[in-house]
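J.:
Protein chains in written order, with this note's numbering: chain A, 5 to 386; chain B, 4 to 265.
(1) Strictly below 7 angstroms CB to CB, what residues from chain A border residue 82(B)?
(2) Of the residues 43(B), 29(B) and 5(B), which one's Cα is nearest the Cα of residue 18(B)?
(3) Taking the Cβ atom as the reference point for each residue, do residue 301(A) and residue 314(A) lie within a distance shorter than 8 angstroms?
(4) Quick check on the burial criterion: 16 or more other C-beta atoms within 10 angstroms. Buried or exposed for residue 37(A)?
(5) For the pair the segment 208-221 of chain A and the segment 252-269 of chain A, tell me if three or more CB-CB distances fall below 8 angstroms.
(6) Going by DSSP, name the residue or residues bridged to residue 158(A).
(7) Are the beta-carbon atoms of residue 192(B) and residue 175(B) separated by less than 8 angstroms?
(8) Kindly indicate the opening and closing residues of the beta strand (DSSP E) around residue 321(A).
(9) What does residue 106(B) touch in chain A if you count any residue whose Cβ is under 9 angstroms from its own?
(10) Of all the residues that make up the segment 72-91 of chain A, which are near chain B by a beta-carbon distance shorter than 9 angstroms?
(11) Can you tell which of 49(A), 289(A), 236(A) and 96(A) has the C-alpha that lies nearest to the C-alpha of residue 316(A)?
(12) What residue range is occupied by the uninterrupted alpha helix (DSSP H) comprising residue 14(B)?
(13) What whole-angstrom Cβ distance do residue 152(A) and residue 159(A) have, given they're in contact under 8 angstroms?
(14) Taking only runs that begin and end inside the segment 12-51 of chain A, name each unbroken alpha helix (DSSP H) of 4 or more residues, in chain order.
(15) Under 8 angstroms: do the segment 73-91 of chain B and the segment 101-112 of chain B share three or more Cβ pairs, one atom per stretch?
(16) One question on the structure: do residue 163(B) and residue 190(B) come within less than 8 angstroms of each other, judged by their Cβ atoms?
(17) Who are the neighbours of residue 25(B) on chain A, taking C-beta pairs under 9 angstroms?
(18) With three or more beta-carbon pairs closer than 8 angstroms as the criterion, would you say the segment 185-196 of chain A touches the segment 32-48 of chain B?
(19) On a CA-only basis, which of 61(A), 49(A) and 79(A) is nearest residue 367(A)? Give me that one, please.
(20) Quick one: give me the first and last residue of the beta strand (DSSP E) that residue 181(B) is part of.
(21) Starting from residue 18(B), follow the alpha helix (DSSP H) in both directions and report where the run begins and ends.
(22) Please confirm whether residue 87(A) and residue 125(A) have their CB atoms less than 8 angstroms apart.
(23) So, residue 225(A) versus residue 163(A), is the Cβ gap smaller than 8 angstroms?
(24) Once DSSP output is grouped into helix, strand and coil, what is the label at residue 42(B)?
(25) Is the closest heavy atom of the ligand PLP to the C-beta of residue 207(A) under 7 angstroms?
(26) Can you find a CB in chain A that lies within less than 8 angstroms of the CB of residue 3(B)?
(27) Using the rule of at least 16 other Cβ atoms within 10 Å of the residue's Cβ for burial, across every protein chain shown, is residue 156(A) buried or exposed?
(28) Given that a residue counts as buried once 16 or more other Cβ atoms are within 10 Å of its Cβ, and exposed if not, what is residue 251(A)?
(29) Could you list which residues in chain B have their beta carbon closer than 7 angstroms to that of residue 251(A), in chain order?
(30) Is residue 105(A) buried or exposed, if buried means 16 or more other CB atoms sit within 10 Å of its CB?
(31) If you compare alpha carbons, which of 70(A), 304(A) and 319(A) is closest to residue 326(A)?
(32) Label residue 6(A) either buried or exposed according to how many other C-beta atoms from any shown protein chain fall within 10 Å of its C-beta, with 16 as the threshold for buried.
(33) In terms of alpha-carbon separation, which member of 169(B), 215(B), 237(B) and 199(B) lies closest to residue 136(B)?
(34) Looking only at its chain, what residues have a beta carbon closer than 8 angstroms to the beta carbon of residue 383(A), apart from the 5 residues adjacent to it on each side?
(35) Indicate whether the contact test is met: 3 or more Cβ pairs, each with one atom in the segment 261-281 of chain A and one in the segment 33-53 of chain A, closer than 8 angstroms.
(36) What does a CB cutoff of less than 6 angstroms around residue 132(A) pick up in its chain, not counting 5 residues either side in sequence?
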């Protein structure tokens, strides 16, 4: 597999910073009037000068999203399988040096949690785990996906990076999509915030979305952890990464999430906090740059911000989320990854969406698309 | 009476309505009522045929509307055929709008897989309405394979750009032996009227209604556009001229001395 995106193919962070600073209001206006954005437009609209144009950016982003996706909002729910982790990401509450209660759900606990979520109406499930192959082996993921797929036609994973053949095995078991954030595209920053563990390897992570697409997953979600470094640089490389993937893996939908650093165990302070205004700029500009990409809004944001941001480009959101393994229903919960700001229940969120003029969509995939795994069929060569 | 017959079913309304993208089941219900639609498509990926109270299905009136399930999301013939068969087993509806769109960005239909799936589904007793690019040869091949109608796109789904494939649609209509339903990209009632004036048998509209400020009013406007276009087609539109024909500047000399040589 040839890597389809390398940061060296683009301007260095230093050159890009100079370009961003040099953008004039006239250049912003020119880019705002383009039907399709090219590389220069992306720089112009991510620039500090474009901060004065948030209203026209928001208007265009909303119109594009509405035309392409309609007045609907897909709902999904995360299910945390384990907070065991061998990495030492300095910003994360699951970091192995944190003294939190560790827990890995047993298969019957996973099924119990899933039953509860299914009874709330969810049909779109995101399985989340820290990085620990001994606690959450691929085999276990495959078994759980196969068991859960009767109730959840759309299942995605947000776990450690896998090999292509492993993604393919999960896809065979019923996996729909993958979510994996690069956290930061800047190699030096990446090395500093991931000092040890397998996640220290920048390129292993950078390639993972491509491996998922290579394995034939229908949707692959990318993102950066906002607050680690300059969001304008990150937004630029993220947009280019998605465009590079779209060109080769034309049968996969590449989506985006916009997680901002929140308080977590350990009290890490964001070195480059991203304001609401800057988040709005990033979301709307990337919507213009990637008009067909599904955008997912994080449960980390407050209810009021979510209400305002949703119409500006988002197509799906999590609802009623809990970030502790075993946090739904009555299982004894343990340490959480980060604090959830939006604590409304799924039904409240659904009612809110209706008030905002969105139809909440709980189901957007059907199990009947999937081939029944034949008992003795030889492995397919695809 | 001017009826459209597809697979033996007589339809008075020539405006088909898609059900995705609406802000609520209520908005959908209003749009269908105002459109007076008799054919309504639903995405099998979205609806739950087995659960009572599915929000989309509950907005429909099966006594008045033919529910046309679609295979939106299918990447190849195998998936589309499987989805269609399972849907028929549950719903007993044997009509299927075949959508095979392996590219999630522009949602353009795959001609090879669409032909393959049409052959299989027709052989299995389905009434197949394939969504296709405006390709006249493909339209012929699908009709030969037993498709009940063909549904060429005016422009890519959700673009509201109108009929960008005009020249090809004209050929499809001219050569058609099955009804032609122009699907996708119609953003304004004038686009629908234009398709009908060209001789299309019907049009399908979704995004333009769903994202309008008032879906009900927009549906009524589309209904009127479809009717106006259809009447104009039946009345026989005058051929358009590229320039006025007040005189014959090139051949006038033939008449100037008429009679002198006889």
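For glycine and all other residues, C-beta sits at the position ideal for the given N, C-alpha and C.
T.: According to the structure data:
(1) For this step, residue 82(B) is matched to residue 79 along the second chain. Going along chain A in sequence order, the residues near residue 82(B) (Cβ under 7 angstroms) are 373.
(2) In the second chain, counting from the first residue as 1, residue 18(B) sits at position 15. Among 43(B), 29(B) and 5(B), the Cα nearest to that of residue 18(B) belongs to 43(B).
(3) As a working mapping, residue 301(A) is identified with position 297 in the first chain. As a working mapping, residue 314(A) is identified with position 310 in the first chain. Their beta carbons are under 8 angstroms apart, which means residue 301(A) touches residue 314(A) by this criterion.
(4) The residue you call residue 37(A) lines up with position 33 of the first chain. It counts as exposed.
(5) yes
(6) Residue mapping note: residue 158(A) aligns to position 154 of the first chain, counting from 1. Note: residue 158(A) sits in a beta bridge opposite 128(A).
(7) Against the second chain, residue 192(B) aligns to sequence position 189. Against the second chain, residue 175(B) aligns to sequence position 172. Not a contact, by the Cβ cut-off of 8 angstroms.
(8) Stepping through the first chain from its first residue, residue 321(A) is reached at position 317. Segment 320-322, the beta strand (DSSP E) holding residue 321(A).
(9) Your numbering for residue 106(B) matches position 103 in the second chain. Ordered by position in chain A, the residues that pass the 9 angstroms Cβ test against residue 106(B) are 254 and 255.
(10) 72, 73, 74, 75 and 76
(11) In the first chain, residue 316(A) corresponds to position 312, counting from 1. Residue 316(A) has its Cα closest to that of 289(A), out of 49(A), 289(A), 236(A) and 96(A).
(12) Walking along the second chain from the start, residue 14(B) turns up at place 11. Where residue 14(B) is concerned, there is no enclosing alpha helix (DSSP H), although the beta strand (DSSP E) it sits in stretches over 12-14.
(13) Here residue 152(A) is taken as the residue at index 148 of the first chain, counted from 1. Here residue 159(A) is taken as the residue at index 155 of the first chain, counted from 1. About 6 angstroms; that satisfies the 8 angstroms criterion.
(14) The segment 12-51 of chain A contains these whole alpha helix (DSSP H) runs: 17-26, 29-36 and 43-50.
(15) yes
(16) Counting from 1 along the second chain, the entry for residue 163(B) is found at position 160. Counting from 1 along the second chain, the entry for residue 190(B) is found at position 187. A contact, by the Cβ cut-off of 8 angstroms.
(17) Within the second chain, residue 25(B) is the residue found at index 22, counting from 1. Correct list: 74, 75, 76 and 363.
(18) no
(19) On the first chain, residue 367(A) is found 363 positions in, with the first residue counted as 1. Of the listed residues, the one whose Cα sits closest to residue 367(A) is 79(A).
(20) Counting from 1 along the second chain, the entry for residue 181(B) is found at position 178. Careful: residue 181(B) lies outside any beta strand (DSSP E) and carries neither H nor E.
(21) On the second chain, position 15 is the one that residue 18(B) refers to. It is not in any alpha helix (DSSP H) - residue 18(B) instead sits in the beta strand (DSSP E) that spans 18-21.
(22) By one-based count along the first chain, residue 87(A) stands at place 83. By one-based count along the first chain, residue 125(A) stands at place 121. For residue 87(A) and residue 125(A), no; Cβs fall outside 8 angstroms.
(23) Counting from one through the first chain, the residue named residue 225(A) turns up at place 221. Counting from one through the first chain, the residue named residue 163(A) turns up at place 159. No, the pair does not count as a contact, with Cβ atoms beyond the cut-off.
(24) Start at 1 with the first residue of the second chain, and residue 42(B) comes out as number 39. Three-state result, residue 42(B): strand.
(25) Ligands are entirely absent from the displayed structure, and the ligand PLP is therefore not among its contents.
(26) A question about residue 3(B) goes unanswered here, because the residues of chain B that appear run from 4 up to 265.
(27) Numbered from its first residue, the first chain carries residue 156(A) at position 152. So residue 156(A) ends up on the buried side.
(28) The residue labelled residue 251(A) in the question sits at position 247 within the first chain. Classification for residue 251(A): exposed.
(29) On the first chain, position 247 is the one that residue 251(A) refers to. Chain B residues near residue 251(A): none, gap ~11 angstroms exceeds 7 angstroms.
(30) Position 101 of the first chain, counting from 1, holds the residue named residue 105(A). In this structure residue 105(A) is exposed. Its beta-carbon is surrounded by fewer than 16 other beta-carbon atoms within 10 angstroms.
(31) Taking the first chain and counting its residues from 1, one reaches residue 326(A) at position 322. Here the closest residue by C-alpha is 304(A).
(32) Residue mapping note: residue 6(A) aligns to position 2 of the first chain, counting from 1. That one is exposed.
(33) For this step, residue 136(B) is matched to residue 133 along the second chain. The shortest Cα separation from residue 136(B) among 169(B), 215(B), 237(B) and 199(B) belongs to 169(B).
(34) Residue mapping note: residue 383(A) aligns to position 379 of the first chain, counting from 1. Note that residue 383(A) scores a pLDDT of 43, beneath 50, so its modelled location is shaky and nothing firm can be said.
(35) no
(36) Residue mapping note: residue 132(A) aligns to position 128 of the first chain, counting from 1. Once the five neighbours on either side are set aside, the close Cβ partners of residue 132(A) are 82, 84 and 162.
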